[in-house]
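Trainee: Line order of the protein sequences matches chains A and B.
Going by the numbering used here, the first residue of the first sequence is number 1, and it counts up by one from there.
Going by the numbering used here, the first residue of the second sequence is number 1001, and it counts up by one from there.
Handing you this structure, nothing more for now.
Number of protein chains: 2
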Amino acid sequence: MTEIRQPTPRRGTNLPRMGDFNLTVILDAIRRSSGGLSRVELAQIVGLSPQTISNISRRLLDQRLIVEAGKEGSGPGKPRTILRLNPAGMYALGVHVDPAVITSVVLDLVGDVVKHSRIPTPAGSNPQRVIAAIADEIKGLIEDSGVDPGKIAGLGVAAPGPIDLDEGTVVDPPLLVGWDRVYLRDALAEATGLETLVDKDVTSAAVAETWAGGASGTGSFVFMYMGTGIGCGIVLNDEVVRGTSGNAGEIGHIIVDPDGPPCDCGLRGCVKSSCIPQVLVAEAEEQGILDGGRKGTEGPEVQEGFARLCDAADSGDERAIAIIDKSAVLVARAVAVVTNTLDVERVVFGGPFWARMSERYLERIPALLAANSAANSIHGIEVVGTGVGEDVGAIGAACLVLEHTLAPRAQRLLLEG
Amino acid sequence: MTEIRQPTPRRGTNLPRMGDFNLTVILDAIRRSSGGLSRVELAQIVGLSPQTISNISRRLLDQRLIVEAGKEGSGPGKPRTILRLNPAGMYALGVHVDPAVITSVVLDLVGDVVKHSRIPTPAGSNPQRVIAAIADEIKGLIEDSGVDPGKIAGLGVAAPGPIDLDEGTVVDPPLLVGWDRVYLRDALAEATGLETLVDKDVTSAAVAETWAGGASGTGSFVFMYMGTGIGCGIVLNDEVVRGTSGNAGEIGHIIVDPDGPPCDCGLRGCVKSSCIPQVLVAEAEEQGILDGGRKGTEGPEVQEGFARLCDAADSGDERAIAIIDKSAVLVARAVAVVTNTLDVERVVFGGPFWARMSERYLERIPALLAANSAANSIHGIEVVGTGVGEDVGAIGAACLVLEHTLAPRAQRLLLEG
DNA sequence: TGGCGGATCTCAGTCACGTATTCCCCTAAA
DNA sequence: TTTAGGGGAATACGTGACTGAGATCCGCCA
């Protein structure tokens, strides 16, 4: 079970690695700029000489990852030629495997969704059948999108945890019965012929934010994923933190309410037992705010129940408002634990349930967080909602591929095995 | 208060940086080996060619950071010449500024303490007086140690948080009254003429573990610092996590006991209010296990009271054992929150109070942690006590300098400003 | 139309790593 | 004692990425 990982000594680097790394640095700078950059600006930003920038730009132009997009001349002198990402320079596929629904997307280089599809997860959730369904869906998506298959960098898969990153397996997730140690990565790689990456859904969402989230996806932040469960993705200094086995971000058993309901872990008031949507809906049903006709334990029912709870709150139902507001207090406590542990500068909220709660949460959480922040006198913590939308899971999955291929990760510099 | 940090784009790298980085990689490999490495072994480990290793070895030999230490020939062929760290190749000074006591050390390159001193923190804790005392102490220590001042790489300072890493200031720590925004780094740099680094005590302890802790200081781990308060230092993939302002590792308000005593944060059963030594001693006094003659709120009194509590437990006092054991359960819960959030592979315990509790904690915590670990089915979490000893704070402070100067941090590759 | 300024490119130059070769040192057998 | 052989380490040369200086290109302005 516990294989001993021998301490992997840090490996050196060499010239080609350095060249590739600088290429990704420049691409990253262009990507993060709004509206492109000129070569001189790039030189200032990344600290390399103009000549080096020119050389690398040429490589990027040859690969068609960037394009020259017009000139920008203000005063005298030769106007700067603006370099911009070529959206069609590369594509990535992403799949979010959720217990209820499988979402797939084709993403272009700038992170825009080219094509999108959604199917219900095959009943019984037999792994083989689900994998076959995904492979089918992917093939269809590639055809429908009309994208040049040669430009597809790979397939990213976002799965609920726990996972084993080394093996590329999903390890017995609570809501997918019979999914113990399913070799998702290898199976899908074989079925689709694409290079495949598997990661946890919350991590994928954080990667989506770094790639397609604009300014809020830079630096060090925590992505709070509000889904059927609550988890978080962690990004420190522009690099995603995955943990030893890819399972970082498990915050379900942080205690947020000493007076809360009992949890299956034996304690009381964990995140998991006191502020996930399912619990809020149950509470509302108990209080008679919602009719408890259906037992809303399955994904879609919860989502629907939660929507009605929010509707009630929006139409002024005090009890509904109280439930949501209390959950904001509890979530803020969990967030504070994470931000105090990691001292990040920003918290980004997102996930399928986020849209409905965003207004109330954004109103309350910043103050709650500030009050509980250990470093409050040194720096504030920004609280924002993601701009990526409901499909963060699938988009993030695709971004896993882009990140792996094009992001300036320190890891890229190091020689491997 | 909150200065906006503009997103710093990742900067490129160049040839000299690469060379320096590879040098630190090799030094790191030698440092982490037990008993030195030959050039061929180095080539295998770091992945560079034997020639490159030879070239870099020469640079390291010229700088006298390493020495050739004998040969190792087993079969036919030329025997390997072993390269070892030269302990006298470089020295670093470390100071731990504690509310009660100021510990200073001179460390050599292998992390051994060359000289050591301890003075009580000047009463009234006026910052200027404390800084002057430290500067005096440092000067004395350098003279007494007989170390060549030219070989001293710098001065590290470990301070209780919160701190502001950019400014090098200590920001209003709870136990040092009147220490708001004290420019510790600049003041000590000026007073001693040494390059000075300031960091939080728990972070320093984690750095000590990476530098002087042997195998348990590699990879990804959390260092639990058991002091007057409980904090943690975080190391992911051999690099220390400091956070935006250097305040990562604040875990005092993680709730570990829903039935615990109220905390100044308004909730109940935080780490800070239920399992720090001061609380355990108070509890023992209340139960009559210890005579509550002195009100043990000051550092030394707490330490003494805690020692007597441990004595009682060791001599079989059931109630004393119960207090310690319960604290182990609570600490384990806090640790689980952190390890689940970060998915690390190891927890290292240390700090001034650790020695007395180590036996009971090491007996109980591994099982408790495994039971609460989200990734338990994928990998276990190793639980160990540090080998660094009581002075981790000061030793870690000195290691800050060594780490900054010699560790293969990814940051070192990047061009600056 | 010519001058000017700024951006970009060309062309060496430098430096670190990689490959092939040679040198050196030790073991072991004749 | 001598010699063959094997493996580590150094030397020489080649490659490739970044840097610096000057040339070139481009558009504005007089």
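Just so it is clear, CB atoms sit at the ideal spot from N, CA and C, and this is done for glycine as well.
Because the structure is a prediction, the values reported are computed rather than measured.
1. Under the three-state reduction of DSSP, which class applies to B/MET1090: helix, strand or coil?
2. Can you tell me where the alpha helix (DSSP H) with A/PHE21 in it begins and where it stops?
3. Apart from the five residues on each side of it in sequence, which residues of its chain come closer than 6 Å, Cβ to Cβ, to B/ILE1254?
4. If you reduce the DSSP assignment to three classes, tell me which class B/ILE1138 lands in.
5. Residues of chain B with CB under 8 Å from A/SER377, in chain order?
6. Is DSSP giving B/VAL1130 helix, strand or coil here?
7. Ordered along the chain, which non-local residues of its own chain (more than five positions away) have a Cβ less than 8 Å from that of A/SER49?
8. Less than 8 Å between CB atoms is the rule here; does A/ILE251 satisfy it with respect to chain B?
9. Rounding to the nearest angstrom, what Cα-Cα distance links A/ALA212 and B/GLY1111 in this structure?
10. Is there a C-beta anywhere in chain B that falls below 8 Å from the one on A/GLY47?
11. Tell me, please, whether the CB atom of B/MET1018 is closer than 8 Å to any CB atom in chain A?
12. On a Cα-Cα basis, can you pick out the residue from A/CYS232, A/PRO127, A/LEU93 and A/ILE131 that is closest to A/HIS116?
13. Alpha carbon to alpha carbon, how far is A/ARG308 from A/PRO300? Give it in angstroms, no decimals.
14. Output, in chain order, the set of chain A residues within a Cβ distance shorter than 7 Å of B/ALA1248.
15. In three-state DSSP terms, what is A/ILE321?
16. For A/LYS200, does the count of other Cβ atoms within 10 angstroms reach 16, so buried, or fall short, so exposed?
17. Whole-angstrom Cβ separation of A/LEU107 and A/VAL101, contact assumed at under 8 Å?
18. Going by DSSP, what residue range makes up the beta strand (DSSP E) through B/ALA1153?
19. Kindly list, in the order they appear in chain A, the residues whose Cβ is closer than 7 Å to that of B/PRO1258.
20. Do A/LEU342 and B/GLY1243 count as a contact pair if the criterion is CB distance below 8 Å?
21. Please classify A/ILE4: is it buried, with 16 or more other beta-carbons within 10 angstroms of its beta-carbon, or exposed?
22. Can you round the beta-carbon distance between A/ILE53 and A/ARG39 to whole angstroms, since I take them to be within the 8 Å contact cut?
23. Answer with buried or exposed for A/ARG129, where buried requires no fewer than 16 other C-beta atoms within 10 angstroms of its C-beta.
24. Please go through the same chain and pick out, in chain order, the residues whose beta-carbon is closer than 6 Å to the beta-carbon of A/ALA189, but skip the five residues on each side of it.
25. For A/GLU209, count the other beta carbons within 10 Å of its own beta carbon; 16 or more makes it buried, fewer makes it exposed. Which is it?
26. What residues of chain A sit near B/ASN1055, judged by a beta carbon separation below 9 Å?
27. Short of 8 Å Cβ to Cβ, which residues in the stretch 1221-1244 of chain B face chain A?
28. Beta carbons nearer than 7 Å to chain B: which residues of the stretch 99-119 of chain A have them?
29. From this set, B/ALA1320, B/SER1204, B/GLY1035 and B/GLU1137, which residue's C-alpha is nearest B/ALA1069's C-alpha?
30. Taking the C-alpha atoms as reference points, what is the distance between A/LEU380 and A/PHE221?
31. Per DSSP, what are the beta-bridge partners of B/LYS1071 in this structure?
32. How would you write the range of the alpha helix (DSSP H) that B/SER1315 sits in, first residue to last?
33. For chain A, is any of its Cβ atoms less than 8 Å away from the one on B/LEU1402?
34. At what residue ranges does the stretch 1303-1381 of chain B contain a whole run of the beta strand (DSSP E), taking only runs of 3 or more?
35. Just checking my contact of A/ALA398 with A/VAL105 at CB under 8 Å: how many whole Å lie between their CB atoms?
36. Mind reading off the beta-carbon distance from A/GLY351 to A/HIS96? Whole number of angstroms is fine, and I expect it under 8 Å.
Mentor: Once the coordinates are examined:
1. Looking at B/MET1090 - three-state DSSP - the assignment turns out to be coil, as it is neither helix nor strand.
2. For A/PHE21, the enclosing alpha helix (DSSP H) stretches over residues 15-32.
3. For B/ILE1254, where only same-chain residues beyond five positions count, the Cβ hits under 6 Å are VAL1271, ALA1334 and VAL1337.
4. If DSSP states are grouped into helix, strand and coil, B/ILE1138 belongs with the helices.
5. By Cβ distance, chain B contributes MET1001, PRO1162, VAL1171 and ASP1172.
6. Three-state DSSP puts B/VAL1130 in a helix.
7. Around A/SER49: ALA43.
8. Judged by the 8 Å Cβ criterion, A/ILE251 is in contact with chain B.
9. One C-alpha to the other measures close to 45 Å.
10. It does; some Cβ of chain B falls within 8 Å.
11. B/MET1018 counts as touching chain A.
12. Looking at the Cα atoms, A/LEU93 is the closest of the given residues.
13. Near 12 Å, if we compare the C-alpha coordinates of A/ARG308 and A/PRO300.
14. Near B/ALA1248 (Cβ distances below 7 Å), the residues of chain A are THR341, LEU342 and ASP343.
15. Under the three-state reduction of DSSP output, A/ILE321 falls in the helix class.
16. A/LYS200 comes out buried.
17. A Cβ-Cβ distance of about 18 Å is found for the pair A/LEU107 and A/VAL101, leaving them out of contact under the 8 Å criterion.
18. Looking at the DSSP string, the run of the beta strand (DSSP E) that includes B/ALA1153 is 1152-1159.
19. The answer, in chain order, is ILE255, PRO258, LEU267, ARG268 and GLY269.
20. Yes. Within cutoff.
21. Any reading at A/ILE4 needs caution, since the residue's pLDDT is 35, under 50, leaving its predicted position unreliable; the model's value is listed next. It counts as exposed.
22. At roughly 5 Å, the Cβ-Cβ gap stays under 8 Å, so A/ILE53 and A/ARG39 are in contact.
23. The residue is exposed, with fewer than 16 neighbouring Cβ atoms inside 10 Å.
24. So the qualifying residues of the chain are THR196.
25. Label assigned to A/GLU209: buried.
26. Scanning chain A for C-beta atoms nearer than 9 Å to the C-beta of B/ASN1055 yields nothing, as the closest lies near 12 Å away.
27. Within the stretch 1221-1244 of chain B, the qualifying residues are CYS1232, ILE1234, LEU1236, ASP1238, VAL1241, ARG1242, GLY1243 and THR1244.
28. Cβ contacts with chain B: none found.
29. Restricting attention to B/ALA1320, B/SER1204, B/GLY1035 and B/GLU1137, the CA atom closest to the CA of B/ALA1069 is found in B/GLY1035.
30. According to the sequence provided, residue 380 of chain A is Gly. The question's Leu does not apply to it. Using only the alpha carbons, I get a separation of about 13 Å.
31. Paired residue(s): B/THR1081.
32. That residue, B/SER1315, is in no alpha helix (DSSP H); it is neither H nor E in DSSP.
33. Any Cβ of chain A closer than 8 Å to the Cβ of B/LEU1402 would place that residue at the interface, and such an atom is absent.
34. For the stretch 1303-1381 of chain B, the full-length beta strand (DSSP E) segments reaching 3 residues or more read 1346-1350 along the chain.
35. The pair is a contact, with the Cβ atoms about 6 Å apart (cut-off 8 Å).
36. Contact doesn't hold; Cβ gap of about 11 Å is too wide.
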